[in-house]
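Worksheet: the structure to be examined is printed underneath.
Chains as they are written, first to last, in this note's numbering: chain A, 1 to 128; chain B, 1001 to 1345.
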């Protein structure tokens, strides 16, 4: 299967799972795989109709769906987070990121769910 | 040929205009944005045509028998229009547009409306972003010298208001048929002010996200009846408005020409067999999520003609949404209730 076919399949499955979980037609507007100059790579899922309240209430389920989705894209789901529109409850995207060493140090130093006001961490596996 | 004048969006470059006017018989006028260096607009622009390009396109449209309207409808210019420098720059630009032979200017700022009405021969059109939703506002703008008023779509389903506006104005009225903003949208002023700065003379804001658009879509996804409540006008229902006006404007100058042509055909023929969301401008991103069969809305206008806007008592749009809005999935279109607990509805 090509990478674009995988992205299409995963986008649809994740959208269906989230719709069934929340009971609203939550809309995954775009699923992108990315590679950054620093060495980070992963996937960004732009989303509409989704709020931080949904994450807080259904975090366990959303995390499970997101882990399953990212594994299918061969992304190790060790760092998963939502990005919020600053100052609001609106979720702009769900993100899976394989961190480079430099970015890992930035994020691993943080404490709590929201090390930055626009980031809600669903999962961050710290190195031993 | 239907007795109507269609005003249609144009993306702004010659190639787009040539495609749009391949068959000009259905089009009375096209409208396009100008250079954001002088006056911006209240919407996103795909192009910033130079004066040379505007002149070339105007000549081409006129050869085809189609009028051309420049949309200079910033809802906020930060007061620059009232400074000596701003006045001179805007005046210089309007002089050039006048020399080119532009037929009309659509503006939102009352000062610009009065200035253009008094100093130029171009038709002065009050933008939908002047929010004319009452006979009192219509009288006010006509008093400033406006020739035509594009009525705020918020009253598109308030026939009493529309008829009152018609009764007090001696100029022309135009109805925007497919804008599809939220009914009584709380973001409307802030969103258009944001666009005006983002698409106008600098300094331009370096924004992170378009909060208003995210929120708009989010509200509809969580409450799809908002799609029904938006005051769009179906192509089939234009006949209900012909005692108000014969001038209908299609929104959507940020879309591909094929999308615009599809709308022109639908509204010209007063008929569309497909997803209503194909025709709606501001929520185009939802056309792959929701399916609203246009034919299922047959007769709804009869309810809206007597609507008193007390949604909490009536519930008609809510029931209609539950009956006809489908969610698009890989397995086909499903009813809203298939992903909701029926007891919640």
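Each residue gets a CB set at the ideal place from its N, CA and C atoms; glycine is no exception. Every value quoted in this text rests on a predicted model; they were computed, and no experiment measured them.
Check: chain B beta carbons: is any one of them nearer than 7 Å to that of residue 27(A)?
Finding: yes
Note to self: If we define contact as Cβ-Cβ less than 7 Å, is residue 1222(B) a contact residue for chain A?
What the structure shows: yes
Notebook entry, point to check: Comparing the C-beta of residue 1345(B) with each C-beta of chain A, is any distance below 7 Å?
Noted result: In this prediction, residue 1345(B) has a pLDDT of 40, which is less than 50 and means its spatial position is unreliable; nothing more can be read from the coordinates.
Next item on the list: Please list the partners that residue 1330(B) has in chain A, where partner means a Cβ-to-Cβ separation under 7 Å.
Entry: Within 7 Å Cβ-Cβ: 12.
Notebook entry, point to check: Quick one: what does DSSP say residue 1342(B) is sitting in, helix, strand or coil?
Noted result: Only weak support exists for where residue 1342(B) lies, its pLDDT of 49 falling under 50; the value from the coordinates is given anyway. Correct three-state label for residue 1342(B): helix.
Check: Sorted by chain position, which residues of the same chain lie with C-beta nearer than 6 Å to residue 1051(B)'s C-beta, five sequence neighbours on each side aside?
Finding: 1096
Check: So, residue 1152(B) versus residue 1131(B), is the Cβ gap smaller than 7 Å?
Finding: yes
Note to self: Against chain A, does residue 1211(B) count as a neighbour if the rule is that its beta carbon must be under 7 Å from one of theirs?
What the structure shows: yes
Check: Buried or exposed: where does residue 1235(B) fall if 16 or more other Cβ atoms within 10 Å of its Cβ makes it buried?
Finding: buried
Check: Taking the alpha helix (DSSP H) that residue 1169(B) falls in, what are its first and last residues?
Finding: Looking at the DSSP string, residue 1169(B) is not in any alpha helix (DSSP H), and its letter there is neither H nor E.
Checklist line | Residues that residue 1332(B) bridges to, as DSSP identifies them | finding: 1329(B)
Notebook entry, point to check: Who are the near neighbours of residue 89(A) in its chain, counting only those whose CB is closer than 8 Å to its CB and skipping five residues on each side?
Noted result: 51, 52, 53
Check: What residues match up with residue 95(A) in a beta bridge as DSSP calls it?
Finding: According to DSSP, which records beta bridges pairwise, residue 95(A) is partnered with 44(A), 81(A).
Check: Using DSSP with H/G/I as helix, E/B as strand and the rest coil, what is residue 1048(B)?
Finding: coil
Check: How far does the alpha helix (DSSP H) with residue 1124(B) in it reach, from first residue to last?
Finding: No alpha helix (DSSP H) holds residue 1124(B); the beta strand (DSSP E) holding it covers 1123 to 1126.
Next item on the list: Can you tell me which of the three DSSP states residue 31(A) falls into?
Entry: strand
Next item on the list: Could you run through the region 1190 to 1205 of chain B and flag, in chain order, every residue whose CB is less than 8 Å away from some CB of chain E?
Entry: No chain E appears in the structure shown, which is made up of the protein chains A and B.
Next item on the list: Please confirm if residue 1218(B) has its CB atom under 7 Å from at least one CB of chain A.
Entry: Nearest CB-CB separation between residue 1218(B) and chain A: below the 7 Å threshold.
Item checked: Residue nearest to residue 1304(B) in terms of C-alpha spacing, selected from 1224(B), 1080(B), 1229(B), 1223(B) -> 1229(B)
Margin query: Would residue 1135(B) and residue 1165(B) qualify as a contact pair, given that the criterion is a beta-carbon distance under 7 Å?
Written below: yes
Notebook entry, point to check: Roughly how many angstroms lie between the CA atoms of residue 1107(B) and residue 1072(B), to the nearest whole one?
Noted result: Distance between the alpha carbons of residue 1107(B) and residue 1072(B) is about 5 Å.
Check: Using CA coordinates, which residue listed in 1306(B), 1275(B), 1286(B) is at the minimum distance from residue 1295(B)?
Finding: 1275(B)
Checklist line | Residues of its chain near residue 1342(B), where Cβ-Cβ distance is below 6 Å and the 5 sequence neighbours each way are ignored | finding: Bear in mind that the predicted position of residue 1342(B) carries a pLDDT of just 49, short of 50, making it unreliable; the figure below should be weighed with that in mind. For residue 1342(B), where only same-chain residues beyond five positions count, there are no Cβ hits under 6 Å.
Checklist line | Cβ neighbours of residue 93(A) in the same chain (closer than 8 Å, five flanking residues each side left out) | finding: 44, 45, 46, 47, 82, 83
Next item on the list: Might you give, ordered along the chain, the residues of its own chain that have their beta carbon closer than 7 Å to the beta carbon of residue 1114(B), omitting 5 neighbours on each side?
Entry: 1144, 1145
Check: So, are the CB atoms of residue 1226(B) and residue 1217(B) less than 7 Å apart?
Finding: no
Next item on the list: Answer with buried or exposed for residue 1057(B), where buried requires no fewer than 16 other C-beta atoms within 10 angstroms of its C-beta.
Entry: buried
Margin query: Any C-beta of chain B within less than 7 Å: which residues of the region 84 to 98 of chain A qualify?
Written below: 85, 86, 88, 90, 92
Checklist line | Selected residue, minimal CA-CA separation from residue 1272(B), among 1292(B), 1255(B), 1121(B), 1064(B) | finding: 1292(B)
Item checked: Cβ contact (3+ pairs, closer than 8 Å) linking the region 1241 to 1255 of chain B and the region 1005 to 1022 of chain B -> Counting C-beta pairs closer than 8 Å gives three or more between the region 1241 to 1255 of chain B and the region 1005 to 1022 of chain B, which meets the contact rule.
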